[in-house]
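Note sheet for the following structure.
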Amino acid sequence: MSPLATMIILSSLATGTIITMSSHHWMMAWIGLEMNTLAILPIISKQHHPRATEAATKYFLTQATASALILFSSSMNAWKTGTWDITQMTDPSANALLTSALAMKLGLAPVHFWLPEVLQGSTMKTALIISTWQKLAPMTLIYLTMNNLSTLILLTMGTLSALVGGWAGLNQTQTRKIMAFSSIAHLGWMVTIATTLTNIMTMALIMYLLMTTSMFSALVLSKSKTIQDTATSWTMSPTLVIMTMLTLLSLGGLPPLSGFLPKWLILQELITQNLIPVATTIALSTLLSLFFYLRLTYTTTLTTSPNTIQTKHKWRLKPVTPSLLLTSSIPLTMMALPLTPLIMN
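Dropping the structure here:
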């Protein structure tokens with residue numbers, strides 16, 4: 324792809340999200356979402372490969388359906404109430420439809436099936452964009468419409484996403500699919516807390532973006548596409564292996580790493596609101612996620628793969644990818660826990 328085309332596509336991607344995040348009118352929000360979807364399609368299908376084309380098609384169909392549902396729910400609300408304001412969604416059926424549409428946009432269970440498939444068909448860098456930047460616009464719409472969205476649907480979908488993200492990830496060997504199910508589980512935590520405290524949801528989203536960026540950047544640098552590949556990454560960079568291990572443990576939510584911070588505050592708030600069954604279920608589902616993070620940690624740091632000639636010479640292939648993204652996100656992925664009082668004030 325030519326530099327000019329890349330620049331236009333990435334600018335459109337950024338502009339689409341910014342338009343959605345800064346709009347008050349449903350039509351503008353919808354235009355932003357459409358720009359966003361159309362800009363990422365060439366990025367996904369850039370490799371001329373059937374898997375990439377399939378991933379782009381699946382992404383287009385799900386996102387177009389979700390956008391159409393958003394437009395339909397906002398039209399329905401405007402028809403009943405006479406306003407297109409995003410914060411004035413007062414019609415219950417329109418709200419239920421909007422909740423389902425935003426869940427499909429994000430990839431929450433039970434409408435999550437597109438996410439692992441799309442990530443698996445994309446490159447690592449594209450998977451990073453889909454897992455991070457593409458979540459911003461729908462999360463902003465959830466933030467803006469939170470007072471009117473269906474609490475029951477959100478809590479059910481959040482709990483289900485946390486469970487599905489843990490269970491379905493257990494059987495995976497591809498790192499991109501593991502990260503997809505990790506994303507589903509984290510988004511489940513976020514929408515669960517969105518019903519009570521949106522500032523904790525924002526903080527959880529920021530932590531998720533940092534941890535996912537660190538993990539994908541490490542996988543890009545070590546060229547690890549399967550769990551088996553991670554076993555040979557120590558020959559390239561032992562430091563990177565340690566950083567990957569700590570990032571995985573942070574994704575699992577172990578103290579004293581940063582990933583513990585959103586989980587701790589979310590559970591505390593859910594218990595305060597007397598949502599103890601939900602808190603118990605999502606806390607137990609984290610154990611499932613933790614299992615596959617630990618399995619990945621184990622293969623990365625504690626196992627030595629059979630030493631073939633290629634493995635022994637892998638150290639010669641020094642990482643050529645600029646690692647600025649990794650160096651800026653890793654410290655925050657590991658050491659943000661002491662900032663808790665500052666974040667909460």
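Numbering (our numbering), first residue to last: 324 to 668.
Glycine included, every Cβ here is placed at the ideal spot set by N, Cα and C.
query: Alpha carbon to alpha carbon, what distance is there between residue 578 and residue 394?; result: 42 Å
query: With the cut-off set at 8 Å, would you say residue 519 and residue 592 are in Cβ contact?; result: yes
query: Classify residue 448: buried if its beta carbon has 16 or more other beta carbons within 10 angstroms, exposed otherwise.; result: exposed
query: Note down, in chain order, each residue of its chain lying with its Cβ closer than 8 Å to the Cβ of residue 382, except the 5 sequence neighbours on either side.; result: 360, 363, 364, 367, 437, 441, 453
query: Could you tell me which uninterrupted alpha helix (DSSP H) segments, each at least 4 residues in length, are contained entirely in the region 502-554, listed from first to last along the chain?; result: 521-545, 550-553
query: What does a CB cutoff of less than 6 Å around residue 594 pick up in its chain, not counting 5 residues either side in sequence?; result: 602
query: Between the Cα of residue 612 and the Cα atoms of 406, 494, 340, 376, which residue gives the shortest distance?; result: 494
query: Can you tell me whether residue 402 is buried or exposed? The criterion is at least 16 other CB atoms within 10 Å of its CB, across all chains shown.; result: exposed
query: How is residue 457 classed by DSSP in three states: helix, strand or coil?; result: helix
query: Alpha carbon to alpha carbon, what distance is there between residue 458 and residue 469?; result: 16 Å
query: Helix, strand or coil: which one does DSSP assign to residue 596?; result: coil
query: For the candidate residues 434, 369, 354, 542, whose alpha-carbon lies nearest to that of residue 324?; result: 369
query: Any idea what DSSP makes of residue 497, helix, strand or coil?; result: strand
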